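Worksheet for the structure shown next.
There are 2 protein chains.
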Amino acid sequence: MLDHPLLRKLAALSPLSDEDRRHLTQVAAHPVAVPTRTDLIREGDTPRGVFLVLEGMACRYKILPDGNRQVLAFLIPGDFCDLDVSLLNAMDHAIGTLSPCLVVHIPTRTVGDLLDDHPGIARAMRLAALVEAATARQWLVNVGRRSCERRLAHILCEMLVRLRHVGLASDVGYDLLLTQVDLADATGMTSVHVNRSLRALRRRGLIEIQGRRIAIPDLAALEAAAEFDPRYLRHAGTDPRLRPGLRETAPPDASVFREAALPVDGA
Amino acid sequence: MLDHPLLRKLAALSPLSDEDRRHLTQVAAHPVAVPTRTDLIREGDTPRGVFLVLEGMACRYKILPDGNRQVLAFLIPGDFCDLDVSLLNAMDHAIGTLSPCLVVHIPTRTVGDLLDDHPGIARAMRLAALVEAATARQWLVNVGRRSCERRLAHILCEMLVRLRHVGLASDVGYDLLLTQVDLADATGMTSVHVNRSLRALRRRGLIEIQGRRIAIPDLAALEAAAEFDPRYLRHAGTDPRLRPGLRETAPPDASVFREAALPVDGA
DNA sequence: CGACAGATTGACTGGGTTCAACTTAAGTGG
DNA sequence: CCACTTAAGTTGAACCCAGTCAATCTGTCG
Chain R
1 MLDHPLLRKL AALSPLSDED RRHLTQVAAH PVAVPTRTDL IREGDTPRGV FLVLEGMACR
61 YKILPDGNRQ VLAFLIPGDF CDLDVSLLNA MDHAIGTLSP CLVVHIPTRT VGDLLDDHPG
121 IARAMRLAAL VEAATARQWL VNVGRRSCER RLAHILCEML VRLRHVGLAS DVGYDLLLTQ
181 VDLADATGMT SVHVNRSLRA LRRRGLIEIQ GRRIAIPDLA ALEAAAEFDP RYLRHAGTDP
241 RLRPGLRETA PPDASVFREA ALPVDGA
Chain G
1 MLDHPLLRKL AALSPLSDED RRHLTQVAAH PVAVPTRTDL IREGDTPRGV FLVLEGMACR
61 YKILPDGNRQ VLAFLIPGDF CDLDVSLLNA MDHAIGTLSP CLVVHIPTRT VGDLLDDHPG
121 IARAMRLAAL VEAATARQWL VNVGRRSCER RLAHILCEML VRLRHVGLAS DVGYDLLLTQ
181 VDLADATGMT SVHVNRSLRA LRRRGLIEIQ GRRIAIPDLA ALEAAAEFDP RYLRHAGTDP
241 RLRPGLRETA PPDASVFREA ALPVDGA
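Protein chains in written order, with UniProt numbering: chain R, 1 to 267; chain G, 1 to 267.
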């Protein structure tokens, strides 16, 4: 039961009862095989539910008028797309596979039931959505302000942690089912320059690549090179062991708001 | 009552009852003045509620080890931060003012009551959150795949639409309470290059700048230069007038999923 | 054995950064 | 009311990171 990626992922965020687990397992009982480079949903489509990836890798992406693609997020086993998607009547981006995948489609109604009738699941899924939002912020920082080599290192670190969360990576490496073009479109680079930057990382001894396998001989070194801090990937959760301590210098008063602010006569 | 930015923004997304309006007005009754460049909450802080901006401009941002800043989103009057923030125990980014602001702090508990007891408000706020997520995706595309001049044009178009939604922009322009450094940190550029690119836009006759005032003589031209499509800013909503038609060629079958997919024996 | 996608490498180019000086605007206090 | 201070905007020149173009290599699969 633990090898079910969705269960692993959600249980790591918030405790799940046996009943929750049973229910989730049932919801994901009938996956469908989808070949590489196939859209699950396109920009402009009306979402009829949520997709859940059980095997393989997919991505959210947008295509620009000039044909360029920007990858917005990678979806790995255990990932699903927007909970509140039912409120929308048109997708502003597409979701497509990057490798052969096993995917489950969960109808809007089932999602609603899940959220309404299973508070434990609802909480875990809301937390997962917050982690995804935090990841999106990291990507914006990545593309906006980090050097190309660091960007790649950062994404490789991120994928290691995420894959490990669902049992798909060892401590030393993992299979990255992506092409260098996919990495380029995710990091705002050219595939040519992805290639060169990967080589640079290889030469620095930070990674080793054999086919699709990424090996990381010295994780601490790679994380340092990436300025990677994994806390955003789990910064939710009630488990005190997971509680982050992002600031080293504890603030005497949390909010500058109260100090600096001047009360004003309201309305 | 309509000049309340929060009401204008939410009402545009989903219908609000008079009672909803009364309640929201009351929640935002006691704003506080906050000077420029003041943090409302910092990275690592535990959120104790939600901030609502009534006047001025603020932003979400992150600071990198080398001191560089990445702005993740601009907050304008009517904007508030994450609803589900109470699930977190540490912010992964900071929120700070970029101009003198009037801000309301809404305690976690009040937010919960609002969401639980006022379904109309809850729906509108969930939609607003989805629009913010869509905006974040646009920013990633912006920084990842658009030329610098286009990036700036895109952000200027976006701000026009958003400010117009809360009655703070005319058809021809608005006051942008940001410095060129702020724009640079939002677009992944240098302030020097922001300056040069703005000049280029000015020379092309797409914008006019006087102090903080941005005038847009020919909106269609600017939108074309930016490849800007405003639908993501309102693509939610039940109002059929707001229903987007992102694709011009209607798909015969919405989901390639069903076509391409091969059923697989599940678990 | 082709055929094709993906990876790799080289040479050249250019968009955007860096560094630094200077101007303008907006306070602030004597 | 003006001298002083500071933040923001503007401009030039040199440099370099990363894109572009294009050829070649490698592996895989029918």
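Note that beta-carbon positions come from the ideal geometry of N, C-alpha and C, so glycine has one too.
Fair warning: this is a prediction, and the values are worked out from it, not measured in the lab.
- Item | Minimum C-alpha distance to G:L233 - residue among G:C148, G:M159 and G:V103 | G:M159
- Query: How is the beta strand (DSSP E) around G:G49 delimited, first residue to last?
  - Reply: G49 to E55
- Query: Quick one, are the C-beta atoms of G:R60 and G:I95 less than 8 Å apart?
  - Reply: yes
- Message: Judging by CA-CA distance, which residue of G:S86, G:N142, G:R213 and G:A153 is the nearest neighbour of G:D113?
- Response: G:S86
- Task: Leaving out five residues on either side along the sequence, give the residues of the same chain with a beta carbon under 6 Å from the beta carbon of residue 268 of chain R.
- Result: This structure leaves residue 268 of chain R out entirely; chain R is present only between 1 and 267.
- Task: Just the C-alpha distance for R:V32 and R:E132, rounded to the nearest angstrom, thanks.
- Result: 24 Å
- In three-state terms, what does DSSP make of R:L114? helix
- Message: Suppose you measure from the CA of R:M57 to the CA of R:A73; what does that come to, to the nearest Å?
- Response: 11 Å
- Message: Distance check for R:D45 and R:Q70, CA to CA, integer angstroms please.
- Response: 18 Å
- For R:A136, is the classification buried or exposed, using 16 other Cβ atoms within 10 angstroms of its Cβ as the cut-off for buried? buried
- Query: For R:D218, which residues of its own chain have a beta-carbon under 8 Å away from its beta-carbon, when the five flanking residues on both sides are left out?
  - Reply: G205 and L206
- Message: Please list the terminal residues of the continuous beta strand (DSSP E) segment that includes R:C148.
- Response: That residue, R:C148, is in no beta strand (DSSP E); its alpha helix (DSSP H) goes C148 to H165.
- Task: Under 8 Å by Cβ, that's how I've got G:V161 and G:P77 pegged, so tell me the actual separation to the nearest angstrom.
- Result: Not really, about 14 Å apart at Cβ, beyond 8 Å.
- Message: Considering only their Cβ atoms, is the gap separating G:P100 from G:P35 smaller than 8 Å?
- Response: yes
- Cβ of G:L87 within 8 Å of any chain R Cβ: yes
- Query: Cβ atoms of G:I121 and G:D20: under 8 Å apart, would you say?
  - Reply: yes
- Query: Hey, which unbroken runs of the beta strand (DSSP E) at 3 residues or more fall wholly within the segment 85-144 of chain G?
  - Reply: 94-97 and 101-107
- Query: Is G:H93 close to chain R, meaning its C-beta is less than 8 Å from at least one C-beta of that chain?
  - Reply: yes
- Mind pulling the chain R residues with CB within less than 7 Å of G:Q180? By Cβ distance, chain R contributes nothing, its closest Cβ being about 16 Å from G:Q180, past 7 Å.
- Message: Once DSSP output is grouped into helix, strand and coil, what is the label at G:V27?
- Response: helix
- Between the Cα of G:D84 and the Cα atoms of R:A129, R:M91, R:D79 and R:V111, which residue gives the shortest distance? R:A129
- Is the beta carbon of R:Q26 within less than 7 Å of some heavy atom of the ligand GTP? In the structure on display, the ligand GTP does not appear, and there are no ligands present to speak of.
- Taking all protein chains shown into account, decide if R:H30 is buried (16 or more other Cβ within 10 angstroms of its Cβ) or exposed. exposed
- Task: Quickly, what does DSSP pair R:G173 with across the bridge? List them, please.
- Result: R:A215
- Task: Determine the burial state of R:G144: buried for a count of at least 16 other Cβ atoms within 10 Å of its Cβ, exposed for fewer.
- Result: buried
- Cross-strand partners of R:C59 (DSSP beta bridge): R:F74 and R:G96
- Item | Buried/exposed call for R:R146, threshold 16 Cβ in 10 Å | buried
- Item | Assigned secondary structure, R:R42 (DSSP; H/G/I helix, E/B strand, else coil) | coil
- In chain G, which residues lie less than 9 Å from R:K62 when you measure between Cβ atoms? R137, Q138, L140, V141 and R145
- Query: Bridge partners of G:I209, per DSSP?
  - Reply: G:I214
- Query: Do the CB positions of G:T179 and G:N142 come within less than 8 Å of each other?
  - Reply: no
- Task: Could you name the residues of the segment 63-82 of chain G whose beta carbon sits closer than 8 Å to any beta carbon of chain R, in the order they occur along the chain?
- Result: L64, P65, N68, R69, Q70, L72 and D82
- Query: Among R:V166, R:T190, R:W139 and R:D171, which residue has its Cα nearest to the Cα of R:L222?
  - Reply: R:D171
- Could you tell me whether any Cβ in chain G is nearer than 8 Å to the Cβ of R:D116? no
- Query: Name the chain G residues that come within less than 9 Å of R:R203, Cβ to Cβ?
  - Reply: Correct list: empty, because the minimum Cβ distance to chain G is about 23 Å.
- Message: Rounding to the nearest angstrom, what Cα-Cα distance links R:I155 and G:C81 in this structure?
- Response: 26 Å
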